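Beneath this line is the structure, given in structure tokens, with notes to follow.
Protein chains in written order, with this note's numbering: chain A, 14 to 298; chain B, 3 to 155.
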């Protein structure tokens, strides 16, 4: 009985396909093979995924549902994807025009909801004196408001004004100007006159993209890493702002922590600042 | 008597059989009472006069049906088979416009297409990657699937 168990185990582990170990990769293969129901079943079994994987899970779920004509379910999957990464858009190289149009329509409906939530949460963080969190929310809101899908909307301009105004305030909160000798609060016009110069890269090498398997060699990934640069120009923290492939994100974070900058300045004094660096991983085949 | 006997010799018995044609877009085996009597690829079957129930089968595509036919002397009975439809899923990497038997069915991914059973000819077209052709056997047993990698020659 023991020998039987061991042999069965060896048979399983000897299977060459990496997809058996990676349900996301397996689901992708099933989708590409037009096995849409099977792809959906496999995606349902994916648990404990990273935010980056969540995007791909929802993407292949949406594509499979779209193929089967289950458009309401497909819309729900895209909504989840957009919530996980509102900046993500499938590459024009990986989906047909009708799929991209469907995706864009759903995303365009979701973006205003997300931007409003970002602004509300940013204001909440600002109220709690959590300037860093508030700044992240307002910067993301402004990023989304610059997206062509949002720029067309009537309410975008108002939201942009609000987000930009709060972002200015978070900068002041993060690096308050010296208090005047009289002890009174700084007048509002003093805030507006402060001069902020963003950090400039001295060393910012982006790792090369080497797909972990051929299955990813034809995919394009668009991601971004956010670095917090100290007043000394060193990177204090690095976080994935927009995920690419998990294997690459790890290397990107490792590299980002060694980058060096000429620090940002406010009124000529070095200050801590954030910077978002976008990366685009193009197909290698 | 011999002469009279010779004159009374019976005429040859009339052929008590008639002709049957089975017109079908996919090959069928034809049975009568469980006995194989021919296939649809033979243009004409000869069956005894009278009523018959034909059992038509193609195990490859999972098709089985019965048709009644009445065979008359000097006439050809025709049995016309309309092919049932079944499900076809189609995909292409990265994507393609698809035609099934010269009819455009849309852009991939395509699922739950209802097409007649049998061999179907597909054309995949991508604006930059060109055209690929493929054939798929659609059966009643299970949904058929076909996918093409447009990046490969």
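Every residue gets a Cβ at the ideal spot worked out from N, C-alpha and C, and that includes glycine.
Predicted model, so just to flag it, every value in this text is computed and none were measured.
Residues within the segment 103-133 of chain B neighbouring chain A, beta-carbon criterion of under 8 Å: 108, 109, 110, 111, 112, 113, 114
Cut-off 8 Å between Cβ atoms - residues of its own chain near residue 23 of chain B, not counting five sequence neighbours on either side: 45, 46, 47, 78, 79, 80, 81
Three-state secondary structure (DSSP) of residue 44 of chain B: coil
Sequence-distant residues of the same chain with beta carbon closer than 6 Å to residue 115 of chain A, five excluded per side: The answer is none, since no qualifying residue turns up.
Supposed close pair residue 116 of chain B, residue 89 of chain B - CB separation, criterion 8 Å: Sure, about 7 Å apart at Cβ, within 8 Å.
Beta-carbon proximity check, residue 126 of chain A vs residue 88 of chain A, cutoff 8 Å: Not closer than 8 Å, so no.
6 Å CB neighbourhood of residue 174 of chain A in its chain, flanking five on each side removed: none
Where residue 141 of chain A sits in the DSSP three-state scheme: Three-state result, residue 141 of chain A: coil.
Contacting residues, own chain, Cβ-Cβ under 8 Å from residue 58 of chain A (five flanking each side not counted): 36
Where the segment 67-90 of chain B meets chain A: residues whose CB sits under 8 Å from a CB there: none
Inter-residue CB distance, residue 161 of chain A and residue 124 of chain A (contact presumed, cutoff 8 Å): Rounded, the Cβ-Cβ distance is 10 Å, inconsistent with contact.
Contact list for residue 76 of chain A against chain B, beta-carbon separation under 7 Å: 111
Closer than 8 Å at the beta carbon, the chain B residues around residue 79 of chain A: 111
From A/177, A/104, A/90, residue whose alpha carbon lies closest to that of residue 236 of chain A: A/104
Pair within 8 Å by beta-carbon distance, residue 56 of chain B and residue 69 of chain B: The answer is yes: Cβ separation under 8 Å.
Within 8 Å of chain B by C-beta, residues of the segment 104-122 of chain A in sequence order: Considering only beta carbons, the part of the segment 104-122 of chain A lying closer than 8 Å to chain B consists of 106, 107, 108, 109, 110, 111, 112, in chain order.
Nonlocal neighbours in the same chain, by C-beta distance under 6 Å from residue 240 of chain A, ignoring five residues either side: 248, 251, 269, 288
From A/172, A/145, A/297, A/90, residue whose alpha carbon lies closest to that of residue 157 of chain A: Among A/172, A/145, A/297, A/90, the Cα nearest to that of residue 157 of chain A is on A/172.
Beta-bridge pairing of residue 101 of chain B - partner residues as DSSP gives them: B/106, B/125
Beta-carbon contacts of residue 295 of chain A that lie in its chain and below 7 Å, excluding the five residues immediately before and after: Excluding sequence neighbours, residue 295 of chain A sits near 233.
Residue closest to residue 84 of chain B, alpha-carbon to alpha-carbon, out of B/66, B/126, B/20, B/34: Checked all of B/66, B/126, B/20, B/34; the closest Cα to residue 84 of chain B is B/66.
Contact belief for residue 68 of chain A with residue 97 of chain A at Cβ below 8 Å, rounded distance in angstroms: 5 Å
Minimum Cβ-Cβ distance from residue 96 of chain B to chain A less than 8 Å: yes
Integer-rounded CB distance, given that residue 107 of chain B should sit under 8 Å from residue 148 of chain B: So it is not a contact: roughly 12 Å between Cβ atoms.
Residue 149 of chain B in three-state terms, based on DSSP: DSSP places residue 149 of chain B in strand when its eight states are reduced to three.
Residues bridged to residue 282 of chain A [DSSP beta-bridge criterion]: Its beta-bridge partners are A/279.
Residue 19 of chain B to residue 59 of chain B span [Cα, whole Å]: Residue 19 of chain B and residue 59 of chain B have their alpha carbons spaced roughly 23 Å apart.
Distance between residue 43 of chain B and residue 65 of chain A (C-alpha atoms, nearest Å): 57 Å
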